[in-house]
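Colleague:
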Amino acid sequence: MKRKKWLAAACVVALLCSAAGFAEGQLYKENALASYYGEAFQGRPTSSGEIFDMYAMTAAHKTLPFGTMLEVTNLENGNSVVVRVNDRGPFVADREIDLSQGAAEKLGMITAGVARVSISILSEPGKETEAAPAGLPENEEVPAVAAAPRPEPRPEPVLR
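Throughout the sequence shown, residue numbering follows mature numbering (1 follows the signal peptide of the UniProt record, and there is no 0), covering -23 to -1, 1 to 137 in sequence.
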C-alpha cells in the first residue's frame, strides 16, 4: 500500500514539473556537448515540417518544444548565438544539441565539429519576451520567425 501511495505522489510531482515548463532566461544546461549539421540535410524537411536551411539560426533538440528560443554559448571562446528549435536530435548519446552550420560558424566550432556549450532558454513558443535576446540592441525589434512554406507537390511523370 505504501508503494502505491509513493508511486502516485511521484506521478503527481512529475506531472506538475512537466506542466510548469522552464522559466524564461533560465540556464538549461551549463556544460553540454553541441554538434552541428549542414549540407547533407540542406533543403530537407525537419521534424517540425520546416525545410532545413543550414545558414539559419536553428537547432535540433530531443525534447524542447519547437519554437523554443535558446541562447547557446561556446564555453571555450565565449561566442554566443540565439537559435530556434525546429528539429529533433542529436541522435548521438553524449550530445545535447545539434546546431545548424550557420549557428556553428558563429560559435567558432566548425573545425572541431563539437563544442562544450551552455544553453539558456530565452522563450518558449507562444510566450512573449520583454527583453531583446542577447546580441540585439535594445532599440532593435526581434524579427518574427515563421515556418518555411512547404513546396507544392509536383505531378508524377507519365511513362509510356
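C-beta: ideal position from N, C-alpha, C; glycine also.
Does the distance from the C-beta atom of Ile74 to that of Ala11 stay below 7 Å?
Modeller: For Ile74 and Ala11, yes; Cβs fall inside 7 Å.
Colleague: Can you tell me which residues form a DSSP beta bridge with Met86?
Modeller: DSSP lists no partner for Met86.
Colleague: Does DSSP put Gln3 in a helix, in a strand, or in coil?
Modeller: Correct three-state label for Gln3: strand.
Colleague: Locate the beta strand (DSSP E) running through Leu47, then write down its first and last residues.
Modeller: Element bounds for Leu47: 46 to 51.
Colleague: Per DSSP, Leu76 is paired with what?
Modeller: The partner list for Leu76 (beta bridge, DSSP) reads Tyr13, Ala36.
Colleague: Would DSSP call Ala70 helix, strand or coil?
Modeller: Coil.
Colleague: When burial is assigned at 16 or more other CB atoms within 10 Å of the CB, is Ala108 buried or exposed?
Modeller: The pLDDT assigned to Ala108 is 47, lower than 50, so where the model puts this residue is not dependable; a value taken from the coordinates is nonetheless given after this. Counting Cβ neighbours within 10 Å, Ala108 comes out exposed, since fewer than 16 surround it.
Colleague: Just to confirm the assignment, what range does the beta strand (DSSP E) spanning Leu99 have?
Modeller: Start and end: 91 to 100.
Colleague: Would you mind working out which of Val69, Arg61, Lys6 sits nearest Ser77, comparing C-alpha positions?
Modeller: When only C-alpha atoms are compared, the closest one is Arg61.
Colleague: Assuming Ser25 and Asp71 form a contact by the criterion Cβ under 8 Å, report the distance between their Cβ atoms to the nearest whole angstrom.
Modeller: Contact flag wrong, Cβ pair sits at about 24 Å.
Colleague: Residue range of the beta strand (DSSP E) that Asn54 falls in?
Modeller: Looking at the DSSP string, Asn54 is not in any beta strand (DSSP E), and its letter there is neither H nor E.
Colleague: Assign Glu53 to buried or exposed, taking buried as 16 or more other Cβ atoms, counted over all protein chains shown, within 10 Å of its Cβ.
Modeller: Looking at its Cβ environment, which holds fewer than 16 other Cβ atoms inside 10 Å, Glu53 is exposed.
Colleague: Identify which residue in Gln19, Ser95, Ala9, Gly90 has its Cα closest to the Cα of Val58.
Modeller: Nearest option by C-alpha distance: Ser95.
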